[in-house]
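Here's the structure we're looking at; comments come further down.
Residue numbers (the working numbering): -8 to 167.
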């Protein structure tokens, strides 16, 4: 939805949806005990988690027609100041699609309930996003659009989380 609000075409929004589905594909290479660790990660553990974007890039790089989808998915932890990962891209080298993916990923991660914490209220999330803009981590223009539409985006996140939970339960009910 954020890509649509930014002005992406219907075709670009479809590509963004696919990139969104695949952006954490590389996490399949990371042990679940680390992904689901209830407490804070130490530096070595965080370094392991950071590798997921590289593995996403590697998994998608040889799929014909996925070049843009791969960039949008794999660069979602790059930062405008160049301190992100996996490739330490800086400024304009980070495609707009990746900038949208970054804001959407952060917004979703903070508003969703997680096993280790309750989701945050969207107003608080917007304040954190603007702090990230100030530190040159993420795109101000995309954050402005997310902030203006935060209630709608938050509602969409909640509906998506509920639908995913229903599908998960249904899948395992059918398997039993």
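The beta carbon of each residue, even a glycine, is placed where N, CA and C say it ideally should be.
| Check | Outcome |
| --- | --- |
| Alpha carbon of residue 4 to alpha carbon of residue -4, nearest angstrom | 10 Å |
| The segment 126 to 134 in contact with the segment 81 to 99 per 3-pair CB rule at 8 Å | yes |
| Close Cβ partners of residue 141 (< 6 Å) along its chain, the five nearest in sequence each way excluded | 113, 117 |
| 7 Å Cβ shell around residue 9 - same chain, five flanking residues per side excluded | 60 |
| Per-residue DSSP class, three states only, for residue 70 | coil |
| Opposing strand residues paired with residue 105 [DSSP bridges] | 108 |
| Sequence-distant residues of its chain with Cβ nearer than 8 Å to residue 152 (five each side left out) | 103, 104 |
| At least three beta-carbon pairs within less than 8 Å, the segment 62 to 79 to the segment 30 to 37 | no |
| Beta carbon of residue 25 nearer than 7 Å to that of residue 50 | no |
| Own chain partners of residue 75 with C-beta closer than 6 Å, once the 5 adjacent residues on each side are dropped | 68, 69 |
| Short Cβ contact (7 Å threshold) for residue 134 with residue 124 | yes |
| Any chain D beta carbon closer than 7 Å to residue 140 | In the displayed structure, chain D is absent; only one protein chain is listed. |
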